[in-house]
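Notes follow once the structure below has been shown.
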Amino acid sequence: MDTRAYLDYLCQLAEKNNTIDPELYERYNVKRGLRNKDGTGVLVGLTEIGEVHGYILDEGERTPDHGRLLYRGIDIWDIVRGFQQEGRAGFEEVSYLLLFGELPNRQNLMEFTRLLAEHRALPDGFVEDMILKAPSNDIMNKLARSVLAAYTYDRNADDLSIRNVLRQCLSLIARFPIMVAYGYQAKAHYYDNKSLYIHLPQEELSTAENFLYMIRPDNQYTALEAELLDLALVLHAEHGGGNNSAFTVHVVSSTGTDTYSVIAAAVGSLKGPKHGGANIKVMEMIENIKENVGDWHDEGKLRDYLIKILRKEAFDGSGLIYGIGHAVYTLSDPRAVLLKQKAAELAREKKMEDEFSLYEAIEKMAPELFTAEKKVDKVVAPNVDFYSGFVYKMLNIPIELYTPIFAISRIAGWCAHRLEELISGGRIFRPAYKNVMGKKRYIPMLER
2 MDTRAYLDYL CQLAEKNNTI DPELYERYNV KRGLRNKDGT GVLVGLTEIG
52 EVHGYILDEG ERTPDHGRLL YRGIDIWDIV RGFQQEGRAG FEEVSYLLLF
102 GELPNRQNLM EFTRLLAEHR ALPDGFVEDM ILKAPSNDIM NKLARSVLAA
152 YTYDRNADDL SIRNVLRQCL SLIARFPIMV AYGYQAKAHY YDNKSLYIHL
202 PQEELSTAEN FLYMIRPDNQ YTALEAELLD LALVLHAEHG GGNNSAFTVH
252 VVSSTGTDTY SVIAAAVGSL KGPKHGGANI KVMEMIENIK ENVGDWHDEG
302 KLRDYLIKIL RKEAFDGSGL IYGIGHAVYT LSDPRAVLLK QKAAELAREK
352 KMEDEFSLYE AIEKMAPELF TAEKKVDKVV APNVDFYSGF VYKMLNIPIE
402 LYTPIFAISR IAGWCAHRLE ELISGGRIFR PAYKNVMGKK RYIPMLER
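In the working numbering, the protein residues as written are 2 to 449.
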């Protein structure tokens, strides 16, 4: 048997002997995906960092409610309103809040921002040896490798004292935008045959401003562009301990391993299209709709095509209208509402109101069509992924950077969860799996 045929045989064998009867999950009351039958998450821990509210649960009955997102007990609406009314960036303030549990005063915020600026520079030789000499076609893959490589440059990498872990966390929060920007530049040069631009981060710029400065050949960006990217970073920074990547941080931290291994695992989790890559699916779906509907303003044609998508007759055959619905949020996702408000403003600046109206039309039609076609009473609304990809498109950010931007933001929440696990955890995560194979006898080679 040649190699290809043998690999086909092994693949069939793997599928055959790793298929578990779905009925067994019901029989043993398995919490698949760590979720209860009513859709709520299995309670596996406590946190004081982030809270996600999407419904009211009373005696087992879920009542839809408008979404709330709290960072350290403070409503995200109040946080955003606070820094936007004062005309300043918010991501640094939010990072401080998530890490230390309280809002910084003016002096603390200034010192914290200065500390991040001091940590931005990558170690000597890192760009050349770890990024440019080993480019990747996938920026998330490159980011994970860069995080693991940073272990080598840390003389105290395995010290789990809170002071040392906090130092590592501040370094990673500061360096994620640089690692992503340089990883992208290497990819653009070595894979896409574009010119190579390596711009040094600027101490006086915010995280959002620095990222735009580093990925653009001319370093130019408008105040509104920086403001909108900063808002996106704020809204993606944390989402409770139960999301996949934050839970990964808790699980891997509970083993006692180093910070770099923990954060690399979180990056790997976020890379998955079911987690961090959802806005890319939204963008692909929108392009597919534009190609097949033609006149976006014809509500009848748009409605008919959305029905085809739900019936698995169009787009990718999944039956999903990507960006609509969420595991927790029901009536609304506060992140989507906040992002949409600023997206409308940028759409006017960029002369993209026509495309923005398409998103609004889908947002209006999708919940009703979902209920009718799926024959369920689940309440759905746009989640943050529905508008975030469009925002990045208006910012002229390449699509391969969408998920890495999520990581640049979420590193703040990950680091907060790592500190919380080290300080308040104490037990390695060890859930149970039931073996349903049954006992078999060993068969001697000559009898097989």
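Note that the Cβ used here is the ideal one computed from N, Cα and C, for glycine as well. The model shown is predicted, which means the values in this text are computed figures rather than measured ones.
### Query
Closest to L201 by CA distance: which of D231, Y29, I424, A122 is it?
Among D231, Y29, I424, A122, the Cα nearest to that of L201 belongs to A122.
### Task
Tell me whether Y183 sits in a helix, a strand or coil according to DSSP, three-state version.
Helix, per DSSP.
### Query
Among all the DSSP beta bridges, which residues are the ones paired with H54?
Per DSSP, R69.
### Message
As a quick exercise: from D9, F127, S207, R115, pick the residue whose alpha carbon is nearest that of G88.
### Response
Looking at the Cα atoms, S207 is the closest of the given residues.
#### Entry: Straight-line Cα distance separating S389 from F407
Our two residues, F407 and S389, have alpha carbons roughly 10 Å apart in a direct line.
### Task
Starting from the C-beta of K143, find all residues in its chain whose C-beta is less than 6 Å away, skip the five residues before and the five after it, and write them out in chain order.
Excluding positions up to five away in sequence, the list reads S137, G184.
### Query
Which of the three DSSP states, helix, strand or coil, is assigned to T64?
DSSP, read as helix, strand or coil, puts T64 in strand.
### Message
Less than 8 Å between the beta carbons of A362 and L303, yes or no?
### Response
Yes; because the gap between Cβ atoms is below 8 Å, this pair is in contact.
### Task
Given a cut-off of 8 Å, decide if G51 and G68 are closer than it, judged by their beta-carbon atoms.
Taking 8 Å as the Cβ cut-off, G68 and G51 do not qualify as a contacting pair.
### Query
Which first and last residues belong to the alpha helix (DSSP H) in which Q221 is found?
Where Q221 is concerned, there is no enclosing alpha helix (DSSP H), given that its DSSP letter is neither H nor E.
### Query
Whose C-beta lies closer than 6 Å to the C-beta of G102 among residues of the same chain, with five residues either side of it excluded?
The beta carbon of G102 lies closer than 6 Å to those of R73 in the same chain, with the five residues before and after it left out.
#### Entry: Buried or exposed (CB count within 10 angstroms, at least 16 for buried), H298
It is exposed - the Cβ of H298 has fewer than 16 other Cβ atoms within 10 Å.
### Query
L307 and A367 look like a contact to me (Cβ under 8 Å); what is the Cβ gap, rounded to whole Å?
Rounded, the Cβ-Cβ distance is 6 Å, consistent with contact.
### R428 and S162 closer than 8 Å at C-beta
It is not a contact, given that the beta carbons lie outside the stated cut-off.
### Query
If you pair each beta-carbon of the region 252 to 268 with each one of the region 391 to 404, do three or more pairs fall below 8 Å?
Judged by pairs of C-beta atoms under 8 Å, the region 252 to 268 does not touch the region 391 to 404, as fewer than three such pairs exist.
### Task
Tell me whether T64 is buried or exposed, calling it buried when 16 or more other Cβ atoms sit within 10 Å of its Cβ.
So T64 counts as exposed.
#### Entry: Nearest to I264 (by Cα), restricted to the options I281, T331, A150, G243
Distance from the Cα of I264 is smallest, within the candidate group I281, T331, A150, G243, for A150.
### Task
Keeping to the same chain, check which residues put their C-beta closer than 8 Å to that of G295; ignore five residues upstream and five downstream.
Result list for G295: K302, in chain order.
### Query
Straight-line CA distance for N397 to Q13?
Looking at the backbone, the Cα of N397 and that of Q13 are separated by about 44 Å.
#### Entry: Nearest-angstrom Cβ-Cβ length linking L402 and I140, presumed shorter than 8 Å
Under the criterion of beta carbons closer than 8 Å, L402 and I140 qualify as touching, at roughly 6 Å.
#### Entry: Among I132, T404, G61, T249, nearest to A1 - alpha-carbon criterion
Residue 1 lies beyond the range of the chain shown here (2 to 449); nothing can be said about it.
### Task
Using the Cα positions of K365 and V283, report the straight-line distance between them to the nearest angstrom.
For K365 and V283, the distance between alpha carbons rounds to 16 Å.
### Task
On a CA-only basis, which of A328, L347, I409, L339 is nearest V450? Give me that one, please.
No answer is possible for residue 450: the residues shown for the chain start at 2 and end at 449.
### Query
Looking at the structure shown, is P405 part of a helix, part of a strand, or coil, going by DSSP?
P405 falls in the helix class under three-state DSSP.
### Close Cβ partners of V43 (< 8 Å) along its chain, the five nearest in sequence each way excluded
Excluding residues within five positions, the ones whose Cβ falls inside 8 Å are K32, L35, R36, N37.
### Message
As an exercise, report each continuous alpha helix (DSSP H) stretch of at least 4 residues that is fully enclosed by the region 63 to 117, in chain order.
### Response
Runs found: 77 to 86, 92 to 101.
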